[in-house]
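Asker: Questions regarding the structure given below will be posed in turn.
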Amino acid sequence: MTQMTAPVLVEQIDSAERSTNPTAAAPAALLVLEAIATLGPITVAQMVRALSLPEDEIWQVISALERRDWVSARISDHAFEISPKIDTFFARAHVALPEADEARQILEPVAASQRMLATVGAFSAKGEFCAMDATGSQTDLGQPRSLAFDHLALAAQSVLTPSALNRHLTAFQEKFATPEDLAMIKSGGHAANLARLQLDGLVWSATKDGFAVPLRFAFGAVGAVEFAACPELGTQAFFFQEFARRLKITYLPGRYGIEARGLSDLLKLSLAFDDFIYDQREA
Numbered sequence: 183m184t185q186m187t188a189p190v191l192v193e194q195i196d197s198a199e200r201s202t203n204p205t206a207a208a209p210a211a212l213l214v215l216e217a218i219a220t221l222g223p224i225t226v227a228q229m230v231r232a233l234s235l236p237e238d239e240i241w242q243v244i245s246a247l248e249r250r251d252w253v254s255a256r257i258s259d260h261a262f263e264i265s266p267k268i269d270t271f272f273a274r275a276h277v278a279l280p281e282a283d284e285a286r287q288i289l290e291p292v293a294a295s296q297r298m299l300a301t302v303g304a305f306s307a308k309g310e311f312c313a314m315d316a317t318g319s320q321t322d323l324g325q326p327r328s329l330a331f332d333h334l335a336l337a338a339q340s341v342l343t344p345s346a347l348n349r350h351l352t353a354f355q356e357k358f359a360t361p362e363d364l365a366m367i368k369s370g371g372h373a374a375n376l377a378r379l380q381l382d383g384l385v386w387s388a389t390k391d392g393f394a395v396p397l398r399f400a401f402g403a404v405g406a407v408e409f410a411a412c413p414e415l416g417t418q419a420f421f422f423q424e425f426a427r428r429l430k431i432t433y434l435p436g437r438y439g440i441e442a443r444g445l446s447d448l449l450k451l452s453l454a455f456d457d458f459i460y461d462q463r464e465a
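Plus 182 on top of the position in the sequence shown (first one is 1) and you've got the working numbering.
Right, dumping it as structure tokens:
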């Protein structure tokens with residue numbers, strides 16, 4: 183009988199790469215699982231050469247993975263491959279929105295500056311607008327917000343196409359809307375608020391201590407970012423007003439929204455400049 187062999191792809195991971203690769207120090211379980219997923223079907227002997235791990239250590243990991251029914255071996259050559267069960271496991275897993283990485287790039291310089299608070303939100307489904315991430319710990323992340331009253335959600339809606347806006351509003355009214363939301367939308371007040379926002383480019387909170395602007399993520403996804411003054415951080419009024427003015431004259435008004443990556447770069451430059459100004463005033 184001719185014995186089948188697993189594809190010999192282990193040359194992709196040579197010793198030189200392993201010595202400089204930051205994943206070389208990863209736990210054996212992750213390395214073995216990754217090898218089976220990316221190089222499989224693969225035998226234990228091939229994994230020994232690819233990962234430079236002791237054979238008994240690899241077998242210990244495989245035994246644990248087999249007990250979970252995450253991997254299985256072919257009868258012919260004992261090459262291991264991913265079990266369909268793990269595919270089901272990951273299919274049910276919570277996965278971050280594609281825009282999460284761009285959101286982090288916006289929030290990181292704000293968090294580092296300790297000048298103000300910021301929250302980034304996006305549509306996670308039709309009619310469902312949620313905050314994805316924030317620099318503060320009090321934000322309700324992942325909870326649907328009102329498309330009729332929440333100023334972060336209003337900012338995002340201001341740059342939607344009419345057809346996209348209609349789809350989101352229809353779904354929102356069916357799934358999440360309160361009687362107050364329905365009344366605002368049906369009375370025309372919601373449309374009037376969006377029209378004003380499209381002219382002004384940003385929407386201030388009711389207490390005027392925060393404002394939101396629309397965002398455009400890569401591949402056209404729509405969201406918004408809210409910046410808020412924070413007394414605990416000592417946010418100074420002149421800084422906050424000047425920051426809003428810079429955003430407005432640089433990007434707004436407009437029907438497209440601020441590019442998320444462009445805003446990240448502006449934040450880094452703006453906050454660094456303001457650090458210099460503060461240092462000069464304190465000197």
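Virtual Cβ for every residue (Gly too), placed ideally from N, Cα, C. Small disclaimer: the values here were computed from a predicted structure and weren't measured.
Mark Q325 as exposed unless 16 or more other C-beta atoms lie within 10 angstroms of its C-beta, in which case mark it buried.
Answerer: To locate residue 325, count along the sequence shown from 1; it is residue 143. The residue is exposed, with fewer than 16 neighbouring Cβ atoms inside 10 Å.
Asker: Quick check: the Cα distance between A365 and H333, rounded to an integer number of angstroms?
Answerer: What you label residue 365 is simply residue 183 of the sequence shown in a count that begins at 1. What you label residue 333 is simply residue 151 of the sequence shown in a count that begins at 1. Each residue's alpha carbon lies about 17 Å from the other.
Asker: Please go through the same chain and pick out, in chain order, the residues whose beta-carbon is closer than 7 Å to the beta-carbon of D391, but skip the five residues on each side of it.
Answerer: Translated into positions along the sequence shown, residue 391 becomes position 209. A410 and A411, listed in sequence order.
Asker: With DSSP as the reference, please indicate the residues paired to C312 in a beta bridge.
Answerer: On the sequence shown, position 130 is the one that residue 312 refers to. In DSSP, C312 forms a bridge with A304.
Asker: Taking the alpha-carbon positions, what's the T245 to I218 distance?
Answerer: For this step, residue 245 is matched to residue 63 along the sequence shown. For this step, residue 218 is matched to residue 36 along the sequence shown. Checking the displayed sequence, the identity of residue 245 turns out to be Ser instead of Thr. Approximately 13 Å between the Cα atoms of the pair.
Asker: Can you check DSSP and say which residues form a bridge with E248?
Answerer: Walking along the sequence shown from the start, residue 248 turns up at place 66. None, per the DSSP bridge assignment.
Asker: Alpha carbon to alpha carbon, how far is L323 from I235? Give it in angstroms, no decimals.
Answerer: For this step, residue 235 is matched to residue 53 along the sequence shown. For this step, residue 323 is matched to residue 141 along the sequence shown. Checking the sequence, you will find Leu at residue 235 rather than Ile. When rounded, the distance between both Cα atoms is 41 Å.
Asker: What do you get for A405, buried or exposed, if any count of 16 or more other CB atoms within 10 angstroms of its CB means buried?
Answerer: The sequence position of residue 405 within the sequence shown is 223, counting from 1. Rather than Ala, the amino acid found at residue 405 in this sequence is Gly. With 16 or more Cβ atoms within 10 Å of its Cβ, G405 is classed as buried.
Asker: Count Cβ pairs between the segment 394-401 and the segment 347-361 that sit closer than 8 Å; are there 3 or more?
Answerer: They do not touch, by the three-pair rule.
Asker: Could you tell me the distance, in whole angstroms, from the CA atom of K357 to the CA atom of T270?
Answerer: Reading the sequence shown from its first residue, position 175 is the one you call residue 357. Reading the sequence shown from its first residue, position 88 is the one you call residue 270. Roughly 27 Å separates the two Cα atoms.
Asker: Which residue comes first and which comes last in the alpha helix (DSSP H) that contains A346?
Answerer: As a first step, residue 346 must be located in the sequence shown, where it is residue number 164. Where A346 is concerned, the enclosing alpha helix (DSSP H) stretches over P344 to K357.
Asker: Check the C-beta distance from K450 over to P344 and give it rounded, since I have them as a contact under 8 Å.
Answerer: Along the sequence shown, read from residue 1 onward, the residue named residue 450 stands at position 268. Along the sequence shown, read from residue 1 onward, the residue named residue 344 stands at position 162. Not really, about 35 Å apart at Cβ, beyond 8 Å.
Asker: If we count the other Cβ atoms within 10 Å of its Cβ and call it buried at 16 or more, is P280 buried or exposed?
Answerer: On the sequence shown, position 98 is the one that residue 280 refers to. Exposed is the call here.
Asker: Should the segment 420-430 be regarded as contacting the segment 361-381, the criterion being three or more beta carbon pairs within less than 8 Å?
Answerer: They do not touch, by the three-pair rule.
Asker: Could you have a look at R286 and say whether DSSP puts it in helix, strand or coil?
Answerer: Stepping through the sequence shown from its first residue, residue 286 is reached at position 104. R286 falls in the helix class under three-state DSSP.
Asker: What are the boundary residues of the beta strand (DSSP E) that includes I264?
Answerer: Taking the first residue of the sequence shown as 1, we reach residue 264 at position 82. Run containing I264: F262 to I264, per the beta strand (DSSP E) assignment.
Asker: In this structure, how does DSSP classify R463 when only helix, strand and coil are distinguished?
Answerer: Taking the sequence shown and counting its residues from 1, the one referred to as residue 463 is at position 281. Unreliable placement is indicated for R463, whose pLDDT of 43 sits below 50; the coordinate value is still reported in the next sentence. Three-state DSSP puts R463 in a helix.
Asker: So, with DSSP's three-state summary, where would you put A426?
Answerer: On the sequence shown, residue 426 is found 244 positions in, with the first residue counted as 1. Here A426 sits in helix by DSSP.
Asker: Are S446 and I288 closer than 8 Å when you measure CB to CB?
Answerer: The count along the sequence shown starts at 1 and reaches residue 446 at position 264. The count along the sequence shown starts at 1 and reaches residue 288 at position 106. A contact, by the Cβ cut-off of 8 Å.
Asker: Could you tell me the alpha carbon to alpha carbon distance between I224 and E216, rounded to whole angstroms?
Answerer: By 1-based counting over the sequence shown, the position of residue 224 is 42. By 1-based counting over the sequence shown, the position of residue 216 is 34. Computed Cα separation, rounded: 11 Å.
Asker: Helix, strand or coil: how does DSSP classify P291 here?
Answerer: To locate residue 291, count along the sequence shown from 1; it is residue 109. It is helical.
Asker: Among I257, M314, E263 and K308, which has the Cα closest to the Cα of R286?
Answerer: Mapped onto the sequence shown, residue 286 falls at position 104. Ranking I257, M314, E263 and K308 by Cα distance to R286 puts M314 first.
Asker: With respect to the alpha helix (DSSP H) encompassing G371, which residues constitute its N-terminal and C-terminal limits?
Answerer: Position 189 of the sequence shown, counted from the start, is the residue given in the question as residue 371. Run containing G371: G371 to D382, per the alpha helix (DSSP H) assignment.
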